Amino acid sequence: MRQNTSTNASTVANTLALLGMGGTIAGTGSASGVGYQAGQIAAQDLLGGIAVPAGCVVRPQQVRQLDSKDIGDGDWLALAQACGQQLADPQVAAVVITHGTDTLEETAWFLQCVLPAGKPVVLTCAMRPASALSADGPANLRDALVCAVDEGALAWAQAGQPVLVVAAGEVHSAAAVRKAHAYQVHALSSAPAGPVAWVEEGRLRWAQRLPQQVVVKNAVPLPPLPWPWVEVVTSHAGARAEGVDALVAAGVRGLVVAGTGNGTVHAAWLPALQRARAAGVLIVRTTRCVEGRIVQAPGQDDAEVVDLPPLKARISLMLRCMSPSVPPGPSP
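At position 228 of the sequence shown the residue is numbered 228 (the UniProt record's numbering), and the sequence of numbers has no breaks.
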């Protein structure tokens with residue numbers, strides 16, 4: 001429990017808002033674990049038999065019920081709005097979100113970018129459906145609730161990094177987490193930095209030094225749909241300019257170029273990227289490599305370099321394109 005004070009009264013923030021988005025953690029199907037349908041069990045029913053941290057109550061809300069591979073901008077908008085409403089409640093200490101693993105890293109980064117500092121927002125998931133033998137969802141949800149009320153999670157949130165991801169006994173930052181394995185229970189990774197904490201017997205052991213500063217970070221206002229169209233294009237052997245040209249002709253607003261190695265781009269793409277830039281398309285460059293960052297070198301495309309993996313760079317560029325100060329892009 002946490003104490004929220006105001007000029008009028010003192011309120012005990014002992015509510016954990018549980019927002020359901022579907023995913024495998026809410027899936028049902030065969031005991032084998034692979035033949036199932038995601039997003040079948042309501043958020044409130046996922047709580048059965050799970051110990052809630054002492055002194056806390058959980059308030060479930062079903063935001064969506066879907067397979068996370070199918071998540072779209074409208075789903076993110078609804079989730080951000082639900083988070084905002086819950087975080088504004090003085091009785092709410094933290095928000096916990098159940099979500100599919102396939103796009104978990106993208107949703108985590110999106111929320112990190114748009115939600116305010118102050119209260120923890122913890123995402124969790126599962127690799128086995130709720131009906132499977134040795135389902136991992138209940139333990140992950142229990143650990144997420146534990147994380148949500150931990151003072152370390154509060155320190156991260158007050159430092160402007162409210163979003164954490166909990167699975168398989170590990171706590172990951174929104175910036176570093178990614179899905180690294182297609183089907184194993186231990187599917188998430190934050191390599192090379194590693195988890196920020198581990199959940200051990202109902203307690204968190206922090207691997208990284210907790211932030212000490214408190215920052216002011218307000219929620220980012222989100223415009224109505226449709227949001228700007230931003231695509232990731234990956235440089236590869238045999239790359240052809242026609243693919244980039246087709247996206248520009250169709251009205252793409254931004255391009256994230258996932259370059260080879262040190263962010264290098266196939267020579268066949270360079271004229272196409274110049275044409276795209278001249279048409280008003282915003283372009284940033286990153287690397288398709290899992291580890292390492294780009295070290296600027298002469299002779300490369302002059303697109304802005306970002307120190308983010310391609311999928312998270314796409315989200316950041318999309319949010320930038322929403323700004324009124326950014327000129328409109330090409331029309332299809």
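The beta carbon of each residue, even a glycine, is placed where N, CA and C say it ideally should be.
Predicted model only: the values in this text are computed from it and were never measured.
* **Through-space distance from Gln161 to Ser6, alpha-carbon basis** => Reading the sequence shown from its first residue, position 6 is the one you call residue 6. Reading the sequence shown from its first residue, position 161 is the one you call residue 161. Unreliable positioning characterises Ser6 in this predicted model, as indicated by a pLDDT of 41, which lies under 50. The coordinate reading is nonetheless provided below. If you take the alpha carbons of Ser6 and Gln161, they lie about 24 Å apart.
* Could you give the residue range of the alpha helix (DSSP H) that holds Met318? -> For this step, residue 318 is matched to residue 318 along the sequence shown. Pro310 to Cys321 is the extent of the alpha helix (DSSP H) around Met318.
* Asked: Skipping 5 residues on each side, what residues in its chain have a beta carbon closer than 7 Å to that of Gly169?
  -> Against the sequence shown, residue 169 aligns to sequence position 169. Once the five neighbours on either side are set aside, the close Cβ partners of Gly169 are Asp143, Trp198 and Val199.
* Count the other CB atoms within 10 Å of the CB of Ser173; is the residue buried (16 or more) or exposed (fewer)? -> Here residue 173 refers to the residue found at position 173 when the sequence shown is read from its first residue. By the neighbour-count rule (16 or more Cβ atoms within 10 Å), Ser173 is buried.
* Mark Gly22 as exposed unless 16 or more other C-beta atoms lie within 10 angstroms of its C-beta, in which case mark it buried. => Here residue 22 refers to the residue found at position 22 of the sequence shown. Under this definition Gly22 is a buried residue.
* **Val295 in three-state terms, based on DSSP** => For this step, residue 295 is matched to residue 295 along the sequence shown. Here Val295 sits in coil by DSSP.
* Asked: By a C-beta neighbour count over all protein chains shown, 10 Å radius and 16 as the cutoff for buried, is Gln296 buried or exposed?
  -> Here residue 296 is taken as the residue at index 296 of the sequence shown, counted from 1. Classification of Gln296: exposed, given that the 10 Å Cβ count is below 16.
* Asked: Identify the residues that DSSP records as bridge partners of Val92: which are they?
  -> The count along the sequence shown starts at 1 and reaches residue 92 at position 92. Thr15, per the DSSP bridge assignment.
* Helix, strand or coil for His253 per DSSP? -> Mapped onto the sequence shown, residue 253 falls at position 253. Reading the sequence as shown, one finds Arg at residue 253 and not His. Here Arg253 sits in coil by DSSP.
* **Contacts around Leu18, its chain only, beta-carbon distance under 6 Å, and the 5 residues preceding and following it disregarded** => Taking the sequence shown and counting its residues from 1, one reaches residue 18 at position 18. Contacts found: Ala43, Val58, Pro60 and Val96.
* Start-to-end residues for the alpha helix (DSSP H) that takes in Leu154 -> Counting from 1 along the sequence shown, the entry for residue 154 is found at position 154. Run containing Leu154: Glu151 to Gln158, per the alpha helix (DSSP H) assignment.
* Would you please state the rounded distance, in angstroms, between the beta carbons of residue 358 and Thr28? I believe it to be under 8 Å. => With the chain covering 1 to 332 only, the question about residue 358 has no answer from this structure.
* So what's Pro328 in DSSP terms, helix, strand or just coil? -> By one-based count along the sequence shown, residue 328 stands at place 328. Three-state result, Pro328: coil.
* **Neighbourhood of Gln86 by C-beta, 6 Å cutoff - its chain only, sequence neighbours within 5 removed** => Looking up residue 86 in the sequence shown gives position 86. Cβ neighbours of Gln86 beyond the five flanking positions: Ala17, Val92 and Val95.
* So Ser235 and His266 are in contact, right, with Cβ under 8 Å, and what is the actual spacing, rounded? -> The residue labelled residue 235 in the question sits at position 235 within the sequence shown. The residue labelled residue 266 in the question sits at position 266 within the sequence shown. Correct: roughly 5 Å between the Cβ atoms.
* Below 8 Å on the Cβ atoms is my guess for Pro309 versus Thr286; work out the distance and round it to an integer in Å. => What you label residue 309 is simply residue 309 of the sequence shown in a count that begins at 1. What you label residue 286 is simply residue 286 of the sequence shown in a count that begins at 1. Contact flag correct, Cβ pair sits at about 7 Å.
* For Ala13, which of Gly118, Phe110 and Tyr36 has the nearest alpha-carbon? -> The residue labelled residue 13 in the question sits at position 13 within the sequence shown. Residue Gly118 is the option with its Cα nearest to Ala13.
* Give me the Cβ distance between Val171 and Cys147, rounded to the nearest whole Å; I'm assuming they're in contact under 8 Å. => The residue given as residue 171 occupies position 171 in the sequence shown. The residue given as residue 147 occupies position 147 in the sequence shown. Rounded, the Cβ-Cβ distance is 6 Å, consistent with contact.
* Return yes when the Cβ of Ala108 is within less than 9 Å of the Cβ of Val165, no when it is not. => If you number the sequence shown from 1, residue 165 lands on position 165. If you number the sequence shown from 1, residue 108 lands on position 108. A contact, by the Cβ cut-off of 9 Å.
* Delimiting residues of the alpha helix (DSSP H) encompassing Glu106 -> To locate residue 106, count along the sequence shown from 1; it is residue 106. Leu104 to Val114 is the extent of the alpha helix (DSSP H) around Glu106.
* Asked: With C-beta atoms as the reference, is Glu106 less than 9 Å away from Leu319?
  -> Here the question's residue 106 lines up with position 106 in the sequence shown. Here the question's residue 319 lines up with position 319 in the sequence shown. Not in contact: Glu106 and Leu319 (Cβ atoms no closer than 9 Å).
* Relative to the alpha-carbon of Ala207, which residue among Arg275, Ala153 and Met127 has its alpha-carbon at the smallest distance? -> As a working mapping, residue 207 is identified with position 207 in the sequence shown. It is Ala153 whose Cα lies nearest to the Cα of Ala207.
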